[in-house]
Amino acid sequence: MVIETDIRQDILEWLDAAFAESNNLSEAAVKVAERIVKEGHSEAFVREFGPELLTFSWRHRNAANRRDAASPGERRVDMEVVRESILESLYKVGDEWVRLGDCDQAMCRGAQRWFQKQAEGNMREAFMFSKLADGLKGTKTVRAVFNDEQVRGFLQDFRME
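Take a look at the structure:
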């Protein structure tokens, strides 16, 4: 007989216990990480926590990169102008944060493609929410009125023109 447990709950309980012992979150995290590996829970840990850890790490790195791009070395511009000039706005182009004023044609085209793709996704979701709102009355919820297939159909029906 296999007993399934909620690995997220188990790991957080282990972390609570380890923190209670050491009163040091870093030490507690190391202890729990060692336990996860030792007890063979690595795969379950990655499946459960991996997506949010990767998302957090990516956002943290990009925030740091953006801060670095905003203040690298010697300033080329007057800071009062920076606060008012759109040319000093930072944009992610490829793998780097660059000031709008420093973009060349290829960088602008790359950013254009990225923003168009984002806009298409946003428009698709706006279309879906429009169709959902049209089909709802009062306090009825999406779940009460539509099923998965219907909602997916709204997303598939959208066409950018």
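Heads up: the sequence shown is residues -17 to 143, going by the numbering used here. Yeah, the Cβ is synthetic: ideal placement off N, Cα and C, and Gly gets one too. All figures in this text were calculated on a predicted structure; none of them were measured in a lab.
In angstroms with no decimal places, state the Cα-to-Cα distance between residue i and residue j.
i: residue -4; j: residue 17; result: 9 Å
i: residue 11; j: residue 70; result: 40 Å
i: residue 43; j: residue 123; result: 38 Å
i: residue 19; j: residue 13; result: 10 Å
i: residue 73; j: residue -1; result: 43 Å
i: residue 90; j: residue 38; result: 28 Å
i: residue 40; j: residue 33; result: 11 Å
i: residue 133; j: residue 30; result: 26 Å
i: residue 3; j: residue 9; result: 10 Å
i: residue 86; j: residue 28; result: 40 Å
i: residue 79; j: residue 7; result: 33 Å
i: residue 112; j: residue 140; result: 11 Å
i: residue 25; j: residue 120; result: 45 Å
i: residue 108; j: residue 114; result: 10 Å
i: residue -8; j: residue 5; result: 19 Å
Could you spell out the range, first to last residue, of the beta strand (DSSP E) harbouring residue i?
i: residue 74; result: 72 to 75
i: residue 78; result: 78 to 81
Decide if residue i is buried, meaning its Cβ has at least 16 other Cβ atoms within 10 Å, or exposed.
i: residue 136; result: buried
i: residue 68; result: exposed
i: residue 110; result: buried
i: residue 126; result: exposed
i: residue -17; result: With a pLDDT of only 44 at residue -17, under the threshold of 50, the placement of this residue in the model should not be trusted, and no figure is reported.
Beta-carbon within less than 7 Å of residue i's beta-carbon, same chain only, minus the 5 sequence neighbours each way: which residues are those?
i: residue 76; result: 92
i: residue 95; result: none
i: residue 23; result: -11
i: residue 117; result: 127, 128
For the alpha helix (DSSP H) that contains residue i, what are its first and last residues?
i: residue 116; result: 87 to 117
i: residue -7; result: -11 to 4
i: residue 130; result: 130 to 139
i: residue 18; result: 7 to 20
Beta-carbon within less than 6 Å of residue i's beta-carbon, same chain only, minus the 5 sequence neighbours each way: which residues are those?
i: residue 83; result: 69
i: residue 35; result: none
Might you give, ordered along the chain, the residues of its own chain that have their beta carbon closer than 8 Å to the beta carbon of residue i, omitting 5 neighbours on each side?
i: residue 1; result: 7, 10
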